[in-house]
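**Q**
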Amino acid sequence: MDPVLVEVTRGARVESSHRGAAVVVDPAGGVAFQAGDIDAAVYPRSAVKALLALPLVESGAADRLGLTDDEIALACSSHSGEEVHVAGATSMLRKAGRDGACLECGVQWPINEAASRRLAAHGGAASALHNNCSGKHSGFICLACDRGEDPAGYVRPAHPTMREVTAALADMTGAALDEGNRAVDGCSIPTYAIPLRALALSFARFGSAQGLAPARAAATRRIRAAVAANPMMVAGTGRFDTRLMTALGARVFSKSGAEGVFCAAIPELGLGLAVKCDDGAGRAAEVATAALIGRFLHPDGAQGEALAGLTQPVLRNWNGIAVGAVRPAGPLA
Numbered sequence: 001m002d003p004v005l006v007e008v009t010r011g012a013r014v015e016s017s018h019r020g021a022a023v024v025v026d027p028a029g030g031v032a033f034q035a036g037d038i039d040a041a042v043y044p045r046s047a048v049k050a051l052l053a054l055p056l057v058e059s060g061a062a063d064r065l066g067l068t069d070d071e072i073a074l075a076c077s078s079h080s081g082e083e084v085h086v087a088g089a090t091s092m093l094r095k096a097g098r099d100g101a102c103l104e105c106g107v108q109w110p111i112n113e114a115a116s117r118r119l120a121a122h123g124g125a126a127s128a129l130h131n132n133c134s135g136k137h138s139g140f141i142c143l144a145c146d147r148g149e150d151p152a153g154y155v156r157p158a159h160p161t162m163r164e165v166t167a168a169l170a171d172m173t174g175a176a177l178d179e180g181n182r183a184v185d186g187c188s189i190p191t192y193a194i195p196l197r198a199l200a201l202s203f204a205r206f207g208s209a210q211g212l213a214p215a216r217a218a219a220t221r222r223i224r225a226a227v228a229a230n231p232m233m234v235a236g237t238g239r240f241d242t243r244l245m246t247a248l249g250a251r252v253f254s255k256s257g258a259e260g261v262f263c264a265a266i267p268e269l270g271l272g273l274a275v276k277c278d279d280g281a282g283r284a285a286e287v288a289t290a291a292l293i294g295r296f297l298h299p300d301g302a303q304g305e306a307l308a309g310l311t312q313p314v315l316r317n318w319n320g321i322a323v324g325a326v327r328p329a330g331p332l333a
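Quick note on UniProt numbering: the sequence shown kicks off at 1 and runs consecutively.
1) A284 and G20: beta carbons closer than 9 Å?
2) In chain order, which continuous runs of the alpha helix (DSSP H) of length 4 or greater are located wholly inside the segment 137-198?
3) Would DSSP call L248 helix, strand or coil?
4) Does the distance from the C-beta atom of A40 to that of G330 stay below 9 Å?
5) What ranges does the alpha helix (DSSP H) occupy inside the segment 257-311, keeping only unbroken runs of at least 4 residues that lie completely in it?
6) Just to check my reading of the structure: P151 and I141 have Cβ atoms closer than 8 Å, yes? What is that Cβ distance to the nearest angstrom?
7) Does the structure place the segment 160-178 close enough to the segment 7-15 that three or more beta carbon pairs sit under 8 Å?
8) Does the beta-carbon of E7 have 16 or more other beta-carbons within 10 angstroms, so that it is buried, or is it exposed?
9) Give the single residue among S202, R45, L269 and T161 whose Cα lies nearest to the Cα of R295.
10) Which residue comes first and which comes last in the alpha helix (DSSP H) that contains A219?
11) Report, in whole angstroms, the separation of the C-beta atoms of V227 and A73, which I expect to be a contact under 8 Å.
12) May I ask you to report which of helix, strand or coil DSSP gives G20?
13) Starting from the C-beta of G324, find all residues in its chain whose C-beta is less than 6 Å away, skip the five residues before and the five after it, and write them out in chain order.
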């Protein structure tokens, strides 16, 4: 059984707890920290979007289509559906000669409540552009169009674009990706069950560029720089990834995934980390990720204060009274 990584307090007592696994590795696969079953295969979901965006940049498609840094960041995002995100996805598709009708991610109301209310108040309707994965999907469409391929059906495993994207994920993780470990993600693309250790390794490589071919190494640096300069595009207002990378800049690359998964890179240390909370709790995965980053990076000043707030967020009731906290526990305490 995996250990308790995060606990939730109310007053002086622990009210809830979250078990999970976490691992930190270097680019050679050396383990710097581990807790729980780090060889268990998990679906990384959206946590690997930056790896899925590598072919878009590495192939030169992003440059040929004139994608901006904020659009490259959006290609790695699980965005909140705010106006800036919708505008970015629309722009990406326009540069590929397409529009939102080409998106195969499904219709979704904005995650951001204020954005949803604004949309409804103006008589608008949710669309695929508001889907939190529309940036990633726009990137896939851009790649397909740059290759001269019909993007229709790009979410299917056999589509040339999806084969190229899957090959990049397999290469970065070192994991075999096939029908045996494949499922369908929330946005309809394939998702593969990958050992947690391999996910951490992929982010150690992504953050350090060690062991990568020159074109891929350049692509990782381009993506990291784009996200560091545009953290709002990778998540949204008040979201963990945006808050973390706004505070720490290029010192950290982090990406959330559904069902309690997180992956991150600490480039200056050449480390990659992966977290999976057994019960799928995002609040626990965020705290575990922040705790691991703090354990190795040791930021001070304003950066340290910001990370501390993410490592042990205070819980408040509807009157604004502090009633407890979410905090690291067990091997992360």
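All residues carry an ideal CB built from backbone N, CA and C; glycine is no exception.
**A** Short version:
1) yes
2) 160-173
3) helix
4) no
5) 282-297 and 301-311
6) 5 Å
7) no
8) buried
9) L269
10) P214 to A229
11) 5 Å
12) strand
13) T9, R10 and L315
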